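So the sequence shown is residues 1 to 352, counted in my numbering. Let me begin by presenting the structure, written as structure tokens, before commenting on it.
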Amino acid sequence: MSKTIEINGRKISEQYTPYIIAEMSANHNGELNNAKSIITEAKQAGADAIKLQTYTPDTITLDSTGEDFRITEGLWAGKTLYELYSQAHLPFAWHKPLFDHARSIGISIFSTPFDSTAVDLLEDLGAPAYKIASFEAIDLPLIRYVAATKKPMIISTGMTNLEEIGEAVDAARSSGCKELALLKCVSSYPAQAEDYNLAAIGLLKNNFNVPVGLSDHTLDTTAAISSVALGAAIIEKHFTLNRSGGGPDDSFSIEPIELLELRKVCDRAFLARGDGNIEPSQSELGNTRFRRSLYFCADLKSGDYITTAAVRSVRPGFGLPPKHLDKILGLAVNKDIPKFKPVSWDDIETRA
């Protein structure tokens, strides 16, 4: 399994700038033109992809008012699941015009399917990749159905444990998925940065040998920037035209100016992370001449012995490195030495 996946020619791994996914979710607020505008703004803000969610109320839940189906806390308290998804879903008929619009302006578009009919629709539209939501990460039949398309798959891991993630990965791989990525996620809306346990990004990379990213439900960019510094290859963030739009997901989504800033800071964090090698950076090389070195701090005659009164470790760095001080103490100089001359092996009668 490769640590690099590719969506529409864009390579995705920690060796490349983070792949930024703008998640539309329910932020279309029931208006096709809003959905198109979100796609346009995502492109202009520098997102690599816009992501949809593909379901109907009937494919994601049951039309029941029973206690099991009623939301009792959080942003959507009081609604039934059917009511929430009736309000939030993106009609199947909108998918083609949205795919066409995204392609016309040059931004990748794909979706999260929630059942086989959604996958079939997205295949007809030529979706280049698929995302599995955290709530469906334990739906192994769905994962297998998606994997059979042979397209890249990204799986969010909110609410899962390591065993469940392993089962999802095994289901994807055994059913034909060759390009797989995982997203560290906290399925809380909004989520708190301190709940993200970003240190687990390394564990996921090492355990499953796939690119790992972040599905970020926090209200700022702290978790995203931190995750890139830890090797996150993908950043997914809910995106809206207006956080005060009144839709189910608007309040915990970022606006266009924030997405633009997210793009910039994640790219800077990627550059700051570097390659892990310990050596001077190119920008430092000019300053190495100002490091400490050994200088004569007194006039000496040929044959005089070098003492601590005659040599000091000072800036700049044109003399011998200070590590040689003990080697030259007690040795004689082989010529007259003026004060302030950098120490050189050529000045010393006998070398250690």
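All C-beta atoms in this analysis are idealised placements derived from N, C-alpha and C, irrespective of residue type, glycine included. Here the structure is a predicted model, which is why all the values come from computation and not from measurement.
Exercise for the section: Compare the Cα-Cα distances from Ser111 to each of Ser104, Lys131, Gly126, Glu123 and report the closest residue. Expected result: Lys131
Practice task
Look at Thr4 and His101 and say whether their C-beta atoms are less than 9 Å apart.
Solution key: no
Handout entry: Per DSSP, cross-strand counterpart(s) of Leu180
Key = Met153
Practice task
Could you pull out every unbroken beta strand (DSSP E) segment of at least 3 residues lying fully inside the stretch 60-88, listed in chain order?
Solution key: none
Exercise for the section: Measure the alpha-carbon distance for Leu183 versus Ser215 and round it to whole angstroms. Expected result: 6 Å
Practice task
Taking Asp139 as the reference, give the member of Thr157, Asp304, Gly126 with the closest Cα.
Solution key: Thr157
Practice task
Taking 8 Å as the threshold, find out whether the stretch 216-230 comes into contact with the stretch 259-279 through three or more Cβ pairs.
Solution key: yes
Problem - Given Ala171 as reference, the closest of Ala193, Ile143, Met159 once Cα atoms are compared - result: Ile143
Problem - Alpha carbon of Asp115 to alpha carbon of Phe135, nearest angstrom - result: 12 Å
Handout entry: Per-residue burial, Ser179 [other beta carbons within 10 Å of its own, 16 or more giving buried]
Key = Note that residue 179 is Glu in the sequence shown here, rather than Ser. Under this definition Glu179 is a buried residue.
Practice task
Please state if the CB of Pro322 and the CB of Ser293 are separated by a distance shorter than 9 Å.
Solution key: yes
Exercise for the section: Thinking Arg243 and Glu255 are a contact (beta carbons under 8 Å), I'd like their distance in whole angstroms, please. Expected result: 6 Å
Practice task
Can you tell me the Cβ-Cβ gap for His89 and Thr56, rounded? I've got them flagged as a contact below 8 Å.
Solution key: 6 Å
Handout entry: Beta-carbon proximity check, Gln87 vs Ala133, cutoff 9 Å
Key = no
Problem - Lys151 versus Pro128: straight-line alpha-carbon distance, rounded - result: 6 Å
Practice task
Kindly list the residues whose CB is nearer than 7 Å to the CB of Lys335, restricted to its own chain and excluding five residues on each side of it in sequence; keep chain order.
Solution key: Ser302, Asp347
Problem - Cα-Cα separation, Asn8 to Gly126 - result: 11 Å
Handout entry: Length of the line joining the Cα atoms of Tyr16 and Ile234
Key = 10 Å
Problem - Beta-carbon proximity list for Leu81, same chain, < 6 Å, skipping 5 on both sides - result: Thr61, Phe69
Practice task
To the nearest angstrom, report how far apart Met153 and Thr160 are at their CA atoms.
Solution key: 17 Å
Practice task
Let me know if Thr218 comes out buried or exposed under the rule of 16 or more other beta-carbons within 10 Å of its beta-carbon.
Solution key: buried
Handout entry: According to DSSP, residues forming a beta bridge with Lys237
Key = Ala22, Asp216
Problem - Which of helix, strand or coil DSSP assigns to Cys297 - result: coil
Problem - Inter-residue Cα distance where the pair is Lys264 and Leu52 - result: 23 Å
Exercise for the section: Would you identify the three-state DSSP class for Arg263, choosing helix, strand or coil? Expected result: helix
Handout entry: Of the residues Gly286, Ser187, Gly319, the one placed nearest Phe340, counting alpha carbons only
Key = Gly319
Handout entry: Identity of the residue in Ile107, Gly246, Val314, Leu121 nearest Ala93 by Cα
Key = Leu121
Exercise for the section: Under the assumption that Pro316 contacts Arg289 (Cβ atoms under 8 Å), give the Cβ distance between them as a whole number of angstroms. Expected result: 6 Å
Handout entry: For Pro342, the residue or residues it bridges with in DSSP
Key = Tyr295
Practice task
Determine the closest residue to Asp250 out of Ile257, Glu258, Thr240, with distance taken between C-alpha atoms.
Solution key: Thr240
Exercise for the section: Evaluate Thr221 with the Cβ neighbour count: other Cβ atoms within 10 Å of its Cβ, from every protein chain shown; 16 or more gives buried, anything less gives exposed. Expected result: buried
Problem - Alpha carbon of Gly247 to alpha carbon of Leu98, nearest angstrom - result: 19 Å
Exercise for the section: Using 10 angstroms around the beta-carbon of Tyr305, count the other beta-carbons present and answer buried if the total reaches 16, otherwise exposed. Expected result: exposed
Problem - Cβ pair Ala147, Ile165 closer than 9 Å - result: no
Handout entry: Length of the line joining the Cα atoms of Tyr19 and Ala199
Key = 20 Å
Exercise for the section: Have a look at the DSSP bridge pairing and note the partners of Ala168. Expected result: For Ala168, which the question treats as bridged, DSSP gives no partner whatsoever.
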